[in-house]
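Engineer: This note's numbering puts the last residue of the sequence shown at 367; the count rises by one with no breaks.
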Amino acid sequence: MDRQILLTPGPTPIPPETLKMESLPIIHHRTKEFMDLFNELHENLQYLFQTKNKVYSLASSGTGAMECAVANLVSPGDKVIAVACGVFGERWIKILTAFSANVIPLRSEWGAQVKPEELEKVLKENPDVKTVFSTHTDTSTAVLCDIKKYAEITAKTKAIIVVDSISGLGGQELYMDDWHLDAVVSASQKGLMSAPGLGFISVSPKAWGLVQESKSPRFYWDLRAFEKVFATGQTPFTPPVSLLRATNESLKMIRKKTLKNVWQETKELAQFTREVGSSLGLKMFPKDPCEILTSFKVPEGLDGQKIVKQIVEKYNISLAGGQDKLKGKVVRIAHMGYIQKADIQKGMKALAETLSSGVF
């Protein structure tokens, strides 16, 4: 059987150059060779985040990076706002609740972002809010949140803003410093074109004060421990060496192409996918769509989960179904990272044939 075509919003396909790096013999992490890798990776991460702040690499999933942000920036009882427009905004709420924060959920209807003026209103009503949490792109609903505007509004208050760009980074426009984002978290397996297992977090000088003050329990996630050894090109605990080396290779590819070109290519793939979907009579689910994936409504009377299952079994092409209350109601197709136009063409052809066959 031909290779499986992966059109899911994480993990995404990995370039051959990156796979090669992951297969190289392991090196020890307390050596100059590793320190050189660490420093090069960090420089490439700063480019990706568009920041002069340090970017800390974590042996974790993206959710681990989210929990790291909460553990370091929130103390029990802190009043926080969690902007939620899908499953991953709800995840902020769950993590914050687990850390005993006083959470104000700010939800939109699924498919739409929370309007900036709604955030502004809640901040005015709650001047003691310490932190605003938001997703950048929520892959469950394929929604793009206006984090630039959220940050402008938050900057007028004493609060900081923390952004989950686990799926957005590398595919969707983001400027951490220029947009005054106080903390950004991401992960390796989506727009960064690498395997799952690495989380990342960058924290502004303004937010670092909360790191020092946090009363939340933390040991493995304590950013003060990462900061203590950072200048030596080290991590406080054993890092996933091969994954760091592989991810660095992907970041070098992004940097060579330039972020602006990557963003433009992603935008063009999104437009192509949606044009083909429209020609099939499919309608998009989100009102405020992102550009890293497309979510199509499933025609009335059909089950999106069965459609996705049929396509992978018959064509060896992986699309994504809906999550949570969208399960069975949408089909999602990613176009971020190393996903190629030819792969999307095959995926859309398989979707068209499956829908027309009615056998699934």
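Glycine included, every Cβ here is placed at the ideal spot set by N, Cα and C.
For Arg-370, does the count of other Cβ atoms within 10 angstroms reach 16, so buried, or fall short, so exposed?
Structural biologist: As displayed, the chain neither begins before 8 nor continues past 367, which places residue 370 out of reach and without an answer.
Engineer: Can you tell me whether DSSP reads Tyr-182 as helix, strand or coil?
Structural biologist: coil
Engineer: If you count every other CB in all the chains shown that lies within 10 Å of the CB of Gly-118, and 16 or more means buried, which is it?
Structural biologist: buried
Engineer: Should Asp-171 go down as buried or exposed, given a rule of 16 or more other Cβ atoms within 10 Å for buried?
Structural biologist: Classification of Asp-171: buried, given that the 10 Å Cβ count is 16 or more.
Engineer: Out of curiosity, what's the CA-to-CA distance linking Ile-346 and Asn-79?
Structural biologist: In a straight line, the C-alpha of Ile-346 is about 34 angstroms away from that of Asn-79.
Engineer: Go ahead and label Arg-37 buried or exposed: buried means 16 or more other beta carbons lie within 10 angstroms of its beta carbon, across all protein chains shown.
Structural biologist: Burial check for Arg-37: the Cβ neighbour count within 10 Å stays below 16, so the residue is exposed.
Engineer: Does DSSP classify Val-305 as helix, strand or coil?
Structural biologist: coil
Engineer: Determine whether the Cβ of Val-121 lies closer than 8 angstroms to any Cβ atom of chain B.
Structural biologist: Reference to chain B is not applicable here, since this structure consists of a single protein chain.
Engineer: Are Leu-130 and Thr-104 close, meaning C-beta to C-beta below 8 angstroms?
Structural biologist: Going by C-beta atoms, Leu-130 is not nearer than 8 angstroms to Thr-104.
Engineer: Assign Lys-197 to buried or exposed, taking buried as 16 or more other Cβ atoms, counted over all protein chains shown, within 10 Å of its Cβ.
Structural biologist: buried
Engineer: Tell me the DSSP bridge mates of Pro-123?
Structural biologist: Answer is none; Pro-123 lacks a bridge partner.
Engineer: By a C-beta neighbour count over all protein chains shown, 10 Å radius and 16 as the cutoff for buried, is Ser-257 buried or exposed?
Structural biologist: buried
Engineer: Measure the alpha-carbon distance for Asp-310 versus Lys-290 and round it to whole angstroms.
Structural biologist: 15 angstroms
Engineer: Need the endpoints of the beta strand (DSSP E) that Asn-109 sits in, please.
Structural biologist: 109-114
Engineer: Inspect the CB distances between the segment 239-255 and the segment 26-37 and report whether three or more fall short of 8 angstroms.
Structural biologist: Enough Cβ pairs lie closer than 8 angstroms, so yes.
Engineer: Rounded to the nearest angstrom, what separates Val-305 and Gly-335 at their Cα positions?
Structural biologist: 8 angstroms
Engineer: Our contact map puts Thr-301 next to Thr-280 with C-beta atoms below 8 angstroms; I'd like the distance itself, whole angstroms only.
Structural biologist: 5 angstroms
Engineer: Could you give the first and the last residue of the continuous beta strand (DSSP E) run that contains Ala-194?
Structural biologist: 190-194
Engineer: What is the DSSP secondary structure of Asp-135, counted as helix, strand or coil?
Structural biologist: coil
Engineer: How long is the line joining the alpha carbons of Gln-57 and Ser-209, rounded to whole angstroms?
Structural biologist: 10 angstroms
Engineer: When DSSP labels each residue in this structure, what does Met-343 get in the three-state scheme?
Structural biologist: coil
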